[in-house]
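With our numbering applied, the sequence shown covers 1 to 207.
Glycine is no exception: its CB is placed at the ideal position from the N, C-alpha and C atoms.
Keep in mind the model is a prediction, meaning the values are calculated, not measured.
Notes for the one structure printed next.
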Amino acid sequence: MDTATAIARRVGIALFAGTLALVVSSFAWPAVLVLGDRVTSAGDAAVALLGCGLLVGLLSRVLAVVDRRRGRGRSVPDAEGARRARSGRRLAVVLLVVGAGAGAAFSWALDSGSTSAVLAPASANGCRVVVKEHSFLMGGSGSVFVLPAGAVVARRVSRYSTDDGYRPVEAGSFALSWAGERGHLEVSGSGFDPVWPRSHEVVCRGG
């Protein structure tokens, strides 16, 4: 196998493995990526990684075909053990690709109906609060994240539920105040659509 083909194949496998690891970690340790005022969900990042992996995988296949046409492929028949080992590796890669694709699709589907926002004001040291809201049928929920100054990964610190799919932060029904690096977020209902719980304390340990 040519060096370029081997490198492309390994990079593709690494991207698929990274996609699967990202999906699993996003459920185990919920977080969002924040670039400026733009919030990127794990689903978006997983789809991007998966897409890069597919492109690199396609590139490796093209390079392999070019290698064979140039006569740099295998010219000696493989032994039975080598064929079995190669088949096992191919099966493992196929399972990895299928798992990464299914995980990315599931994560993206969960995030596709959500809205996210970086709230103002920030703390004195620049710590910020990020809220991600999701609604489905007659229910809704929100996740509260804390983003230390200079960081790009915000970790989840609290959650709330709403009735009738109401999104209080999107509707502007909230108040955020700071006392040093301790924040207090009050999320209000609409009167007909209550929020549980309404009060959320945020501690910016990275501030």
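CB contact flag (residue i, residue j, <8 Å)
| i | j | result |
| --- | --- | --- |
| S161 | G189 | no |
| S116 | V32 | yes |
| V202 | V129 | yes |
| T3 | G103 | no |
Run of the alpha helix (DSSP H) containing residue i, from where it starts to where it stops
| i | result |
| --- | --- |
| E170 | 168–171 |
| R155 | That residue, R155, is in no alpha helix (DSSP H); its beta strand (DSSP E) goes 153–163. |
| S60 | 42–69 |
Cutoff 8 Å: residue i Cβ touching any chain C Cβ
| i | result |
| --- | --- |
| V56 | Protein chain content of the structure displayed is limited to a single chain, and chain C is not contained in it. |
Where residue i falls, given that 16 or more other Cβ within 10 Å makes a residue buried
| i | result |
| --- | --- |
| T5 | buried |
| A64 | buried |
| S25 | exposed |
| P121 | exposed |
| S177 | exposed |
| A175 | exposed |
Cα-Cα separation between residue i and residue j, rounded to whole angstroms
| i | j | result |
| --- | --- | --- |
| R155 | V195 | 21 Å |
| V56 | V47 | 14 Å |
| A198 | R182 | Reading off the sequence shown, one finds Arg at residue 198, where the question assumed Ala. Answer to the nearest angstrom: the Cα atoms are 17 Å apart. |
| A105 | P148 | 30 Å |
| A82 | S143 | 51 Å |
| N125 | R68 | 59 Å |
Selected residue, minimal CA-CA separation from residue i, among the options
| i | options | result |
| --- | --- | --- |
| A109 | S41, G18, R9, R167 | S41 |
| S114 | R70, R69, G165, A92 | G165 |
| D138 | F16, F192, F27 | The residue asked about is misnamed: residue 138 is Met in this sequence, not Asp. Cα-wise, what sits closest to M138 is F192. |
| L96 | A14, D163, C127 | A14 |
| P168 | E133, S123, R38, F145 | E133 |
Segment limits, beta strand (DSSP E) that includes residue i
| i | result |
| --- | --- |
| G140 | 139–147 |
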